[in-house]
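Student: Residue numbers (the working numbering): 333 to 674. This is the structure I have questions about; it appears just below.
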Amino acid sequence: MEDYIKEALAQGYIRPSTSPAASSFFFVAKRDGGLRPCIDYRALNWITVKFQYPLPLVPAALEHLRGATIFTKLDLRSAYNLIRIREGDEWKTAFITPTGHYEYLVMPYGLANAPSVFQDFIHEVLREFLHWCVLVYIDNILIYSRSLAEHHRHVAEVLGRLREFQLFLKAEKCSFHQPSVQFLGYNISSSGIQMDEGKITAIRDWPAPATVKELQRFLGFANFYRRFIRNYSRIADPLTNLLCNKPKSLLWREIPQEGFHHRSPPDPPRPQQTLRPGSGRSCHSSRGILAASIHASSFPTSLTRRRGITTSVLALEEWRHWLEGARHPFLVLTDHKNLEFL
């Protein structure tokens, strides 16, 4: 902690403070084994006016990779610290450590608006490349191209733009000119998008949850990959039902064995093409399938499951970014007869 304080003072990231605010300071582990400084800003975040700039919808963003064969992944160094706190507001970021009372001059981790503010900033920096050869999610940048020659040009242009704004990269976390990369929890290549093998192993080897929080953590982790798991809603339904009444405790005998131990391998990825949704309902959930019509055959491109007779509406909302303004009309197929009279 003392080393971080000395370094941050020398870099001009923090300064001694006399602020009435005093949030607690701690470290969280990084995936590379390092430590990330964080402040408990829950009280400040509670009263913060939220900045509503949207983070990218990852499944929709990944659609732009269709046809790409070569990839470069970049990771910005000290991303949030690149943003200066508005002059006069530094006192709000004050924190205490055993060695003193300090406040940030740059944006720290833990502020409610930090992700949205940085997303807005990096989008402005790379706007001319977005959805053409670049995807950006906060400090994660993916450059993609259809050919090696094209990729050399794209990488040079993006690096030139980052240098223009004096943005630096973590060389050890960058990968250049690769046929496949890991990005935002997915394995991405010219053949499609797949689950990270490490995440598959983590789901299979996950220890039996003993508390409500552990069950919520497992379901949240598994839900991230629901699009790859066959019959996910049916498998997860017994576990999800345990959380319906907001229980305070959880006993192992309450865990439905068929729900937790049925962690089958995910389906292989399917090609993503154009459009046709279908829907259906069971006693546990409703489901909708967005499929493509190519040469008189249907290929599923995405799947969602919901409960209730509003399946079709929910499916259209789920895929609004695909369907709204589509060049060709789409057809909703459902066996819910009452809808014929609406």
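We treat Cβ as the ideally placed atom computed from N, Cα and C, and that holds for glycine.
So, using beta-carbon positions, are Met439 and Leu467 closer together than 9 Å?
Tutor: For the purposes of this step, residue 439 is taken as residue 107 along the sequence shown, with counting starting at 1. For the purposes of this step, residue 467 is taken as residue 135 along the sequence shown, with counting starting at 1. With a cutoff of 9 Å on beta-carbon distance, Met439 and Leu467 are scored as not near each other.
Student: Over what stretch of residues does the alpha helix (DSSP H) that includes Phe453 continue unbroken?
Tutor: For the purposes of this step, residue 453 is taken as the residue at position 121 of the sequence shown. Residues Ala446 to Leu458.
Student: Report the rounded CA-to-CA distance for Gly365 versus Ala568, giving the unit in angstroms.
Tutor: Numbered from 1 along the sequence shown, position 33 holds the residue referred to as residue 365. Numbered from 1 along the sequence shown, position 236 holds the residue referred to as residue 568. Cα-Cα distance, rounded: 32 Å.
Student: Do Ala444 and Tyr373 count as a contact pair if the criterion is CB distance below 9 Å?
Tutor: Taking the first residue of the sequence shown as position 1, residue 373 is located at position 41. Taking the first residue of the sequence shown as position 1, residue 444 is located at position 112. Going by C-beta atoms, Tyr373 is nearer than 9 Å to Ala444.
Student: Quick one: Cα of Ala554 to Cα of Ile535, how far?
Tutor: As a working mapping, residue 554 is identified with position 222 in the sequence shown. As a working mapping, residue 535 is identified with position 203 in the sequence shown. Straight across, the Cα-Cα distance linking Ala554 with Ile535 is about 7 Å.
Student: If you draw a straight line from the C-alpha of Met333 to the C-alpha of Asp471, how long is it?
Tutor: Along the sequence shown, read from residue 1 onward, the residue named residue 333 stands at position 1. Along the sequence shown, read from residue 1 onward, the residue named residue 471 stands at position 139. In a straight line, the C-alpha of Met333 is about 24 Å away from that of Asp471.
Student: Can you have a look at Gly517 and say buried or exposed, based on whether 16 or more other CB atoms are within 10 angstroms of its CB?
Tutor: Position 185 of the sequence shown, counted from the first residue, corresponds to residue 517. Exposed, since its Cβ has fewer than 16 Cβ neighbours within 10 Å.
Student: Between Arg418, Thr572 and Glu435, which has its C-alpha nearest Ser355's C-alpha?
Tutor: Residue mapping note: residue 355 aligns to position 23 of the sequence shown, counting from 1. Closest option to Ser355, Cα to Cα, is Glu435.
Student: By Cβ distance, which residues of its chain are closer than 8 Å to Leu361, with the 5 residues on each side in sequence left out?
Tutor: The sequence position of residue 361 within the sequence shown is 29, counting from 1. First, the residue type needs correcting, since residue 361 is Ala and not Leu in the sequence shown. Answer for Ala361: Leu367 and Arg368, listed in chain order.
Student: Would you report the Cα separation of Arg566 and Tyr441, rounded to the nearest angstrom?
Tutor: In the sequence shown, residue 566 corresponds to position 234, counting from 1. In the sequence shown, residue 441 corresponds to position 109, counting from 1. Distance from the CA atom of Arg566 to the CA atom of Tyr441, rounded to whole angstroms, is 38 Å.
Student: In angstroms, rounded to a whole number, what distance separates the CA positions of Ala353 and Phe359?
Tutor: Within the sequence shown, numbered from 1, the residue matching residue 353 stands at position 21. Within the sequence shown, numbered from 1, the residue matching residue 359 stands at position 27. For Ala353 and Phe359, the distance between alpha carbons rounds to 19 Å.
Student: DSSP three-state label for Asn563, please.
Tutor: Taking the first residue of the sequence shown as 1, we reach residue 563 at position 231. Residue state, collapsed to three classes: coil.
Student: Would you tell me roughly how many angstroms separate the C-alpha atoms of Ala488 and Pro430, rounded to the nearest one?
Tutor: Taking the first residue of the sequence shown as 1, we reach residue 488 at position 156. Taking the first residue of the sequence shown as 1, we reach residue 430 at position 98. Straight-line Cα distance between these residues: approximately 46 Å.
Student: On the premise that Ser477 lies in contact with Ala400, defined as a C-beta separation below 8 Å, what is that separation, rounded to the nearest angstrom?
Tutor: Indexing the sequence shown from 1 puts residue 400 at position 68. Indexing the sequence shown from 1 puts residue 477 at position 145. Between Ser477 and Ala400 the Cβ distance is about 6 Å, and since that is below 8 Å, they are a contact.
Student: Taking the DSSP output, what are the residues bridged to Cys370?
Tutor: On the sequence shown, residue 370 is found 38 positions in, with the first residue counted as 1. Looking at the DSSP assignment, Cys370 forms a beta bridge with Phe358.
Student: Give the secondary structure of Glu656 by DSSP, where H, G and I count as helix, E and B as strand, and everything else as coil.
Tutor: As a first step, residue 656 must be located in the sequence shown, where it is residue number 324. Coil, per DSSP.
Student: Where Arg559 and Gly552 are concerned, what is the direct C-alpha to C-alpha distance, given to the nearest angstrom?
Tutor: Residue 559 sits at position 227 when you count from the first residue of the sequence shown. Residue 552 sits at position 220 when you count from the first residue of the sequence shown. Roughly 13 Å between the two C-alpha positions.
Student: Would you kindly report the start and end of the unbroken beta strand (DSSP E) that includes Ile379?
Tutor: Position 47 of the sequence shown, counted from the first residue, corresponds to residue 379. Segment: none, Ile379 is in no beta strand (DSSP E) and carries neither H nor E.
Student: List the whole-angstrom C-beta distance separating Gln451 from Leu387, where the pair is believed to meet the contact cut-off of C-beta under 8 Å.
Tutor: The sequence position of residue 451 within the sequence shown is 119, counting from 1. The sequence position of residue 387 within the sequence shown is 55, counting from 1. Yes, Gln451 and Leu387 are in contact; Cβ-Cβ is about 6 Å, under 8 Å.
Student: Return yes when the Cβ of Ser512 is within less than 9 Å of the Cβ of Phe383, no when it is not.
Tutor: Numbered from its first residue, the sequence shown carries residue 383 at position 51. Numbered from its first residue, the sequence shown carries residue 512 at position 180. Cβ atoms of Phe383 and Ser512: not closer than 9 Å.
Student: Using 8 Å for Cβ pairs, my map puts Ala446 next to Ser351. What's the rounded Cβ distance?
Tutor: In the sequence shown, residue 446 corresponds to position 114, counting from 1. In the sequence shown, residue 351 corresponds to position 19, counting from 1. In this structure, Ala446 and Ser351 do not form a Cβ contact; the two beta carbons are roughly 19 Å apart against a cut-off of 8 Å.
Student: Mind checking who Tyr469 pairs with in its DSSP beta bridge?
Tutor: Counting from one through the sequence shown, the residue named residue 469 turns up at place 137. In the DSSP assignment, Tyr469 forms a beta bridge with Asn472.
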